Amino acid sequence: MLDRVLELLAPALARPAPVVVDANLGLGGHAEALLAAHPSLHLIGIDRDPVAIERSTVRLAPYADRITLVRAVSDELTEVLARAGRPRVDGALFDLGVSSPQLDEGERGFAYSYDAPLDMRMDRDEELTAEVVVNTYSAADLIKILRNYGEERFAPRVANLIIKERAREAITSTKRLAEIVRTAIPAATRRTGGNPAKRTFQALRIEVNAELTALERALPAALDALTLGGRVVVLAYHSLEDRLTKQVITARTRDTSPPGLPVPLPAHQPRFALLTKGAELPSEEEVTRNPRAASARCRAAERIREAVDEE
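Counted from 1, the sequence shown has number 155 at position 155 by the UniProt record's numbering; the numbering is strictly sequential.
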């Protein structure tokens, strides 16, 4: 949804020397397009994956004097902006989830389509891996993760079979885990909805990288950092990310004055306005061109009022 992202952010960046933070830099595709579209823009890019930082540094080399790339988790956004000397920004972009290189590099262990070690770390300096989760978490914890992060309705069956199989031999590969999950899912269910391991792999990835926890902290921080007229755009790829995004943004667009008052209280007036009606979806043309875009959900908001204590 590159064109739509550019369209939504453009009004906020049509000012002298605008600043935008890309909280999930990835390969730098959105960053490159933003820098090309706005010649005076300075972009601060954040990613926890050192490979992403390395590749984006090369890709964005033509704009080297207008970028600040930082290896960090998105929930460190406030600290990153402070260190960059730019505590307020005009735009913020969140392109959530796993990046294409992480999926395509089989050895990273994100994809069930490759046989690889059970890793799934976006930052390989972290200790927790999917292998640790699968082989050490209790049945109750596995069920909780599969239900909450994977929305797997057969979570108990999957978790119990994992417990049984790991007692026989440690589960260390993506292929074996995918086979275990497939065995646990009823045959009738396996015939529809794609690979039955999809939800389990999603759940493990979110747990290993604490993705929702990071978003829960990072998105409010980005909203707080926006200047008047500044805009945030969020691309989510599964219902959990999109639901959390909706909750955070919607909370900032509501008037929280007590009911029955003749006029709204300034301290309770909404600070933001929605720019999208619900979650916008990619066009059929884009999905045809890039099937991975099919699950994308776009939400955006604009700061329309500063906090009272800032006025």
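The beta-carbon is built from N, C-alpha and C at its ideal position, and this holds for glycine as well.
Bear in mind the structure is a predicted one, so any value in this text is a computation, not a measurement.
Worksheet item: Cβ of Leu27 within 8 Å of Cβ of Ala52?
Response: Position 27 of the sequence shown, counted from the first residue, corresponds to residue 27. Position 52 of the sequence shown, counted from the first residue, corresponds to residue 52. Yes; because the gap between Cβ atoms is below 8 Å, this pair is in contact.
Discussion item. DSSP three-state label for Ala10, please.
Written reply: For the purposes of this step, residue 10 is taken as residue 10 along the sequence shown, with counting starting at 1. Looking at Ala10 - three-state DSSP - the assignment turns out to be helix.
Worksheet entry | Presumed contact (8 Å Cβ cut-off) between Glu241 and Gly150, rounded CB distance | By one-based count along the sequence shown, residue 241 stands at place 241. By one-based count along the sequence shown, residue 150 stands at place 150. Not really, about 13 Å apart at Cβ, beyond 8 Å.
Discussion item. The alpha helix (DSSP H) that contains Thr245, what's its start and end?
Written reply: Against the sequence shown, residue 245 aligns to sequence position 245. Element bounds for Thr245: 239-252.
Worksheet item: For the 8 Å Cβ check, are there 3 or more pairs between the stretch 261-279 and the stretch 121-140?
Response: Not touching, per the Cβ criterion.
Worksheet item: By how many angstroms is the C-alpha of Ala293 removed from the C-alpha of Val287?
Response: Here residue 287 is taken as the residue at index 287 of the sequence shown, counted from 1. Here residue 293 is taken as the residue at index 293 of the sequence shown, counted from 1. Taking the straight line joining both Cα atoms gives about 6 Å.
Discussion item. Please report the straight-line C-alpha distance between Leu146 and Pro156, rounded to a whole angstrom.
Written reply: Here residue 146 refers to the residue found at position 146 of the sequence shown. Here residue 156 refers to the residue found at position 156 of the sequence shown. If I take the Cα positions, the gap works out to 9 Å.
Worksheet item: What number of angstroms, rounded off, separates the C-alpha of Ala279 from the C-alpha of Tyr114?
Response: To locate residue 279, count along the sequence shown from 1; it is residue 279. To locate residue 114, count along the sequence shown from 1; it is residue 114. So the two alpha carbons sit approximately 32 Å from each other.
Practice prompt. Identify whether Gly28 lies in helix, strand or coil by the three-state DSSP scheme.
Written response: Taking the sequence shown and counting its residues from 1, the one referred to as residue 28 is at position 28. It is coil, neither helix nor strand.
Worksheet entry | Best match in Ala37, Asn24, Gly29 for proximity to Pro50 [C-alpha to C-alpha] | Counting from one through the sequence shown, the residue named residue 50 turns up at place 50. Per the Cα distances, Asn24.
Discussion item. Using only CA atoms, which one of Asp119, Arg217, Val233 lies nearest to Asp30?
Written reply: Mapped onto the sequence shown, residue 30 falls at position 30. In the sequence on display, residue 30 carries His and not Asp. Selected option, being the one with the closest Cα: Val233.
Practice prompt. Please report the residue range of the beta strand (DSSP E) in which Ala92 lies.
Written response: Within the sequence shown, numbered from 1, the residue matching residue 92 stands at position 92. 89-95 is the span of the beta strand (DSSP E), which, as asked, contains Ala92.
Worksheet entry | Where the alpha helix (DSSP H) through Phe201 begins and ends | In the sequence shown, residue 201 corresponds to position 201, counting from 1. Run containing Phe201: 198-209, per the alpha helix (DSSP H) assignment.
Worksheet item: Bridge partners of Ser173, per DSSP?
Response: The residue labelled residue 173 in the question sits at position 173 within the sequence shown. Note: Ser173 sits in a beta bridge opposite Pro117.
Worksheet item: Where DSSP assigns a beta bridge to Val70, which residues make up the other side?
Response: Counting from 1 along the sequence shown, the entry for residue 70 is found at position 70. Looking at the DSSP assignment, Val70 forms a beta bridge with Ile46.
Discussion item. Measuring alpha carbon to alpha carbon, tell me which residue in Ala251, Thr57, Ala72, Val73 is nearest Arg66.
Written reply: Along the sequence shown, one-based indexing puts residue 66 at 66. Selected option, being the one with the closest Cα: Thr57.
Practice prompt. Report, in whole angstroms, the separation of the C-beta atoms of Val181 and Val158, which I expect to be a contact under 8 Å.
Written response: As a position in the sequence shown, residue 181 is number 181, starting the count at 1. As a position in the sequence shown, residue 158 is number 158, starting the count at 1. Rounded to whole angstroms, the Cβ separation of Val181 and Val158 is 6 Å, and the two are in contact under 8 Å.
Worksheet item: Of the residues Ser40, Thr276, Ser74, Arg59, which one's Cα is nearest the Cα of Ala221?
Response: The count along the sequence shown starts at 1 and reaches residue 221 at position 221. The shortest C-alpha separation from Ala221 is found at Ser74.
Worksheet item: In or out: Pro262 buried (at least 16 other Cβ within 10 Å) or exposed?
Response: Counting from one through the sequence shown, the residue named residue 262 turns up at place 262. Exposed is the call here.
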